[in-house]
Amino acid sequence: MEGWGIIIIKIVFIWTWTLLIATLMTWIERRGAGLIQDRLGPNRAGPFGIFQPLADGIKLFTKEDIVPEKAHKILFALGPILFALPAFSAYAVVPFGDKIVLGGKEIILQVADVSVGFLYIVAIGSMSVYGIVLGGWGSNNKYSILGGLRSTAQLISYEVPWGLALLAAVLLYGTFSLRDMAFAQQGVFLGFLPNWGIFKQPLGFILFMVAAYAEANRVPFDLPEAESEIVAGYHTEYGSMRLGLYLFGEYVNIYTLSALIVTLYFGAWNLPYVDMSKFLGPVAYGLASFLVFFLKVAFFLWLFVWVRWTVPRFRYDQVMGLGWKSLIPLALINLFITALFVQFTA
Amino acid sequence: MVQEPNGPVVSGSGDYVTINIGPSHPAMHGTLRVIAQTDGETVIKADPEIGYLHRGVEKLGENLTYHQFIPITDRLNYCSAIANNVSYERAVEKLMGIEIPVKAQLVRVIMMELARIADHQVCVGILGVDLGAFTPFFYQIIQREEIYEVFEWYNGARLTNTFGRIGGLDADLPEKFAEKWPGLKDGIRKANDETDKLLTHNRIWMDRTIGVNPFSPEDALSWGFTGPCLRACGVKRDMRKNEPYYLYDQFDFDVPTGKNGDVFDRYMVRLKEMEESIKIIDQAYRMYLEMPEDAPLKAKVPKIIKPPAGEVYSAIESPNGELGFFIKSDGSDKPYRIKIRPPCYMIYQAFPEMVEGEMIADLIACLSSLNIIAGELDR
Amino acid sequence: MARPVVKKEFSLSDRVYLIEIIKGLGLTWKHFLFNFRACFRPGPHTVPTCWQYPEDLREIAPIFRGAHMLLLDEKGREKCVGCGMCARACPAKCITVKRGKVQEGEEGKYAGKTYCAEFKIDMLRCIFCGFCEEACPKGAIVLGQEYELAEYTPEKCLYDKARLLANYEKAKSEGKLKPARKPVPVEAPPPKAAPKSKPKAAAKKVKEKEGTKQA
Chain A
92 MEGWGIIIIK IVFIWTWTLL IATLMTWIER RGAGLIQDRL GPNRAGPFGI
142 FQPLADGIKL FTKEDIVPEK AHKILFALGP ILFALPAFSA YAVVPFGDKI
192 VLGGKEIILQ VADVSVGFLY IVAIGSMSVY GIVLGGWGSN NKYSILGGLR
242 STAQLISYEV PWGLALLAAV LLYGTFSLRD MAFAQQGVFL GFLPNWGIFK
292 QPLGFILFMV AAYAEANRVP FDLPEAESEI VAGYHTEYGS MRLGLYLFGE
342 YVNIYTLSAL IVTLYFGAWN LPYVDMSKFL GPVAYGLASF LVFFLKVAFF
392 LWLFVWVRWT VPRFRYDQVM GLGWKSLIPL ALINLFITAL FVQFTA
Chain B
7 MVQEPNGPVV SGSGDYVTIN IGPSHPAMHG TLRVIAQTDG ETVIKADPEI
57 GYLHRGVEKL GENLTYHQFI PITDRLNYCS AIANNVSYER AVEKLMGIEI
107 PVKAQLVRVI MMELARIADH QVCVGILGVD LGAFTPFFYQ IIQREEIYEV
157 FEWYNGARLT NTFGRIGGLD ADLPEKFAEK WPGLKDGIRK ANDETDKLLT
207 HNRIWMDRTI GVNPFSPEDA LSWGFTGPCL RACGVKRDMR KNEPYYLYDQ
257 FDFDVPTGKN GDVFDRYMVR LKEMEESIKI IDQAYRMYLE MPEDAPLKAK
307 VPKIIKPPAG EVYSAIESPN GELGFFIKSD GSDKPYRIKI RPPCYMIYQA
357 FPEMVEGEMI ADLIACLSSL NIIAGELDR
Chain C
23 MARPVVKKEF SLSDRVYLIE IIKGLGLTWK HFLFNFRACF RPGPHTVPTC
73 WQYPEDLREI APIFRGAHML LLDEKGREKC VGCGMCARAC PAKCITVKRG
123 KVQEGEEGKY AGKTYCAEFK IDMLRCIFCG FCEEACPKGA IVLGQEYELA
173 EYTPEKCLYD KARLLANYEK AKSEGKLKPA RKPVPVEAPP PKAAPKSKPK
223 AAAKKVKEKE GTKQA
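Chains as they are written, first to last, in our numbering: chain A, 92 to 437; chain B, 7 to 385; chain C, 23 to 237.
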């Protein structure tokens, strides 16, 4: 067992790392949008505008904190916190690399290798809806409440296919621990494919992906904050750092979801056909596994941005229809097939 | 205090929420306002309120000379100022009994069709933005900038062109046009193609637009629809074909129509009309080149315009539909009365009927697909 | 209210959301790659469709209608005679002109017998229609290419004669003077000169068309 010191260092590390990625993502999103749309995006602060998030952060921190007169003061304050907190804590059980050996001590690159990591993710993931709905209700604004309600319905509906897709993965890997799932994806599948979840669970991957977009409130499922319909949805009345928390929370959510996708379906830190641990030293291997994992995550982070600037938005009833009429039956079928597969190959 | 929609409030069980959409709202083009009574997400009753951009344009006209009113018409439908200018000038010319020279007509046609393309580009782009697809808007708007460049080289203004003068034109087509047009044409087509690829067959887009706010041709006609919104309902009526003016009877072009009059049809009609406009410009430009260099661009008109006493109504097919000007003259150098018939006004009247029973998101989609321009609506 | 019932017909590839979305992703990726490469190009103007404003200015048409200026003639005399035609033509009524008689010994300063003792343009009212330029019999007032017209106080937006002349000096030093306005060929009065100005076939066609229209 690792000592407290190491665990705290890991917590601090992953905390700052996630924050760093989230801040960077705000820049990447705007720059990416710019380049996709034949314009430049923010490019003034620092080289290529990379300090733009810093400027945004300073702006958000120094702006006046306005609480609407008729807002419910406590709920209004609680909203962003309840949104950001689960987002940050969800990453605790998601690995960010294999292990690193420092000074003879083996350190696993994961804050906590909980045996019920899967359940923890599902539980924490469903917490974030409180932040949105409380913020929407507390703002005392019709647009906000609409956004909050939309988000509630959407998150609850999409948690089902999301959970079912996860469940199929659990069946496949035979474990609840995300770290063990990563280990299960070493080697090759059918002799020529990497032994990654995507090849065993193509449908599950798509379902998980779609549900993840809905969970993260991203286009095409960004109904809770649909700009052209309900102004800004649940954060219409928010400003300064309270708004900042919502925005950061969203990106942290995206980061966690991307990491989950990679862990479940893209072999976590495993490279296809190559076993890095065989020819790399213990420290180098630790760093390499972290890097490989992060690069895979980075691709999915970019995909979130890329899709956002490509597709239109669903309508509220269509989101519900897609969730309940297509995704859940498909997820059930997927679960059934996986069960058969596991039964007959075991 | 909450303002409730006018008219009888829907009775029955259930808690209804009145939502004020606008006048300052991301999706309200300009300063429109819709007071919507909703049951959850469903709009039960929508009451559009207009007049937030009222500038008294018609009254202004009574205090300005005939020429001085031209820049004011720029500010009606600011997306296609040239069509407004031409419509007004045509009305005054009709009142004075002037027929403008052919070359001037050709230049007017070319510029008007460019303005039509620019207007449709904005409409299609904004429809995408309101439905959550941002990117096509930029592809369209970049090409619109190129069109504005042509306008700028024509007489020095990009948006409020003050195009033409009573009796003809203020300038010849710029030399830049010849060099820009082939590239511009390709650019417009490419942008349309990209919009088409990104949106038209995308299932999300089709779900959001097909069958949303459909309108029957009978209803459309009885509400006084004109322009793309009418043609989307399946009525093949275009002033350029039915009541041709300015050599439009000599150009070979189609009038695209839709079937159901839903948001998708309006979007498609606009996309196709841009292609037709390109065709018209091509033909008009060919005819323009055949004209001699020094052919007149302006009919002989007195310096101070004093039309004989009388009234006139003249309309053209503006990008949004029939844009008419009624002018009553008392023989002085200022019009006695100017009445503008904007296409938006008639279309917007049907808006409550169109969105009743639809969802809030459809209300937004409907509004942007109708291309309601507040400047033209409120005048 | 008879609303048409719309039947949605989707092809199989439409029915599956992903295919078209992936095609769309391909399209946006192409744009991204192009612009990504372009933004490493040297100079402020990198992405072809994007001008970075203060460093990288668009080419403005020489006939652009921007800030006004009062012209001087070749001998450095003021062209304006203070007739007030511009003020009368202005739809926004933003020009004030006061006419002054040129005194003895001042002929080197003014081109005409009279001059404008006061010339004010309220730029807050101006709508840049260019009618003043068109109305001016001497070609003395012109709308230049200057478009950065924001000021901190409304008083500064009230351009006086000195400011307008300074605008001219500035434009001249930058070589941004407007080319002389080409007069539009006007149709000759119908009875006599019609065949002269309109050569042959085209003119005939015109006449025919006009004839049919009027009929």
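We put the beta carbon where it would ideally sit given N, CA and C, even for glycine.
From a predicted model like this one, the values you see are computed outputs, not experimental measurements.
Where C/R121 is concerned, the enclosing beta strand (DSSP E) starts and stops at 117-123.
Taking 9 angstroms as the upper bound on Cβ-Cβ separation, chain B lies near no residue of the region 421-436 of chain A. Nearest CB-CB separation between B/Q74 and chain C: below the 8 angstroms threshold. Between A/P133 and A/G123, the C-beta spacing is not below 8 angstroms. The beta-carbon of B/L303 is placed less than 8 angstroms from the nearest beta-carbon of chain C. Annotated three-state conformation of A/I127 is helix, per DSSP. In the three-state reduction of the DSSP assignment, B/T48 falls in the strand class, which pools E and B. The contact set of C/E209 on chain B, defined by CB atoms closer than 7 angstroms, consists of P107, P302, K304, A305, K306 in chain order. With 16 or more other CB atoms across the displayed protein chains lying within 10 angstroms of its CB, A/G288 is buried. Residues of chain B whose Cβ lies closer than 8 angstroms to the Cβ of A/A317 are, in chain order, G138, A367.
Contact between the region 85-93 of chain C and the region 139-159 of chain C is established, with three or more Cβ pairs separated by less than 8 angstroms.
The residue from B/E362, B/F357, B/K109, B/M293 with its alpha-carbon nearest to that of B/I56 is B/F357.
Pairing A/M332 with A/G238, the inter-Cα distance amounts to about 20 angstroms. The residues E64, G67, I333, in chain order, have a CB closer than 6 angstroms to that of B/I344 in the same chain once the five nearest residues on each side in sequence are set aside. Within chain B, E158, W159, G162 have C-beta atoms less than 7 angstroms from the C-beta of C/A83, given in sequence order.
Only K203, L204, H207, N208, R209, I210, M212, I216, G217 from the region 201-217 of chain B bring a Cβ to less than 7 angstroms from some Cβ of chain C.
Secondary structure note for A/Y211: its alpha helix (DSSP H) is the uninterrupted segment 208-216.
Using a Cβ-Cβ cut-off of 8 angstroms, B/G267 counts as an interface residue toward chain C, since at least one Cβ of chain C sits closer than that to its own.
Pairing A/A302 with A/A259 gives a Cβ-Cβ distance that is not under 8 angstroms. Unbroken beta strand (DSSP E) runs of no fewer than 3 residues, entirely contained in the region 129-164 of chain C, are found at 136-144, following chain order.
Interface with chain C (8 angstroms Cβ-Cβ cutoff): B/L133 is excluded.
Between the C-alpha atoms of A/G195 and A/G96 there is a straight-line separation of about 16 angstroms. For B/I284, the secondary structure class from DSSP, reduced to helix, strand or coil, is helix. F153, E156, L165: these are the residues of the region 153-177 of chain C whose beta carbon lies less than 8 angstroms from some beta carbon of chain B, given in chain order. From the listed residues B/T206, B/H126, B/S335, B/Y160, the smallest Cα separation to C/S33 is found for B/T206.
Membership of B/T79 in the alpha helix (DSSP H) is indicated by the continuous run 76-80. Secondary structure note for B/F143: its alpha helix (DSSP H) is the uninterrupted segment 141-161. Under DSSP, C/H90 shares a beta bridge with C/L165.
Per DSSP, the unbroken alpha helix (DSSP H) holding C/T50 starts and ends at 39-60. Within chain A, no C-beta atom comes nearer than 7 angstroms to that of C/G88; the closest sits roughly 25 angstroms away.
Pairing B/L253 with B/L112, the inter-Cα distance amounts to about 8 angstroms. C/G65 is outside the set of residues whose beta carbon lies under 8 angstroms from a beta carbon in chain A. The alpha-carbon of A/Q409 is positioned some 11 angstroms away from that of B/W211. Collapsing the DSSP output to three states places A/E197 in a strand. Straight-line measurement puts the Cα of B/G46 at about 27 angstroms from the Cα of A/I172. Distance between B/P142 and C/A60, taken at the CA atoms: about 20 angstroms.
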